[in-house]
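Engineer:
Residue numbers (the UniProt record's numbering): 1 to 152.
1. Starting from the C-beta of residue 87, find all residues in its chain whose C-beta is less than 8 Å away, skip the five residues before and the five after it, and write them out in chain order.
2. What span of residues does the beta strand (DSSP E) with residue 90 cover, start to end?
3. In terms of residue numbering, what span does the alpha helix (DSSP H) encompassing residue 52 cover?
4. Here's the rule I'm using: 16 or more other beta-carbon atoms within 10 Å means buried, otherwise exposed. How should residue 42 be labelled?
5. From residue 150 to residue 143, what distance separates their C-alpha atoms?
6. Rounded to whole angstroms, what is the Cα-Cα separation between residue 32 and residue 53?
7. Counting contacts by CB-CB distance shorter than 8 Å, is residue 60 in contact with chain B?
8. Report the option in 136, 27, 129, 25 whose CA atom is closest to the CA atom of residue 92.
9. Taking 8 Å as the limit between beta carbons, can you name the residues of its chain near residue 48, skipping five residues before and five after?
10. Put residue 78 into one of helix, strand or coil per three-state DSSP.
11. How many angstroms separate the CA atom of residue 135 from the CA atom of residue 106?
12. Using 10 angstroms around the beta-carbon of residue 89, count the other beta-carbons present and answer buried if the total reaches 16, otherwise exposed.
Set out below in structure tokens:
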């Protein structure tokens, strides 16, 4: 009977701690949108934060971010300073290491869309580019390091 208790205890410990060792690291991300058009700005902020949360391992934060997404958006104007229905969004992705001053530019994305109606699709494209160009290489590097440790 003692052995059954010990085996049960070992199984319980493994069930609790094994998923934690393989848990994907969470990244703190700060989103900063600059835009003269308040409707456009709030739409971009809302869609970007929603799509980033959908990635799953991202915390939206204002304090101690690992990554900052600096977004500048504008409506394209004609010669008479009226919007022509095209939106341009420029996004700089910077990496901020803890206890290190400054930041490194990881990526720059420039996209255009057909006015306010295309904002959601543009934000989805930005988040996909952020995940593909920035997060995936980091995940792969960490996986390689983890695999190296398990091979020794």
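For glycine and all other residues, C-beta sits at the position ideal for the given N, C-alpha and C.
Please read these numbers as outputs of a predicted model, since none were measured by experiment.
Structural biologist: The structure says:
1. Here the set comprises 40, 73, 74, 75, 76, 112, 113, 114, 115, 116, 118, 119, 122.
2. Looking at the DSSP string, the run of the beta strand (DSSP E) that includes residue 90 is 83–95.
3. Counting along the chain, the alpha helix (DSSP H) containing residue 52 begins and ends at 38–55.
4. Counting the other Cβ atoms within 10 Å of the Cβ of residue 42 gives fewer than 16, which makes it exposed.
5. One C-alpha to the other measures close to 11 Å.
6. About 15 Å.
7. Checking the listed chains, one finds no chain B in this structure; it contains a single protein chain.
8. The option with the nearest alpha carbon to residue 92 is 129.
9. So the list reads 31, 33, 69, 71, 123, 126, 127, once near-sequence residues are dropped.
10. It is coil, neither helix nor strand.
11. When rounded, the distance between both Cα atoms is 10 Å.
12. So residue 89 ends up on the buried side.
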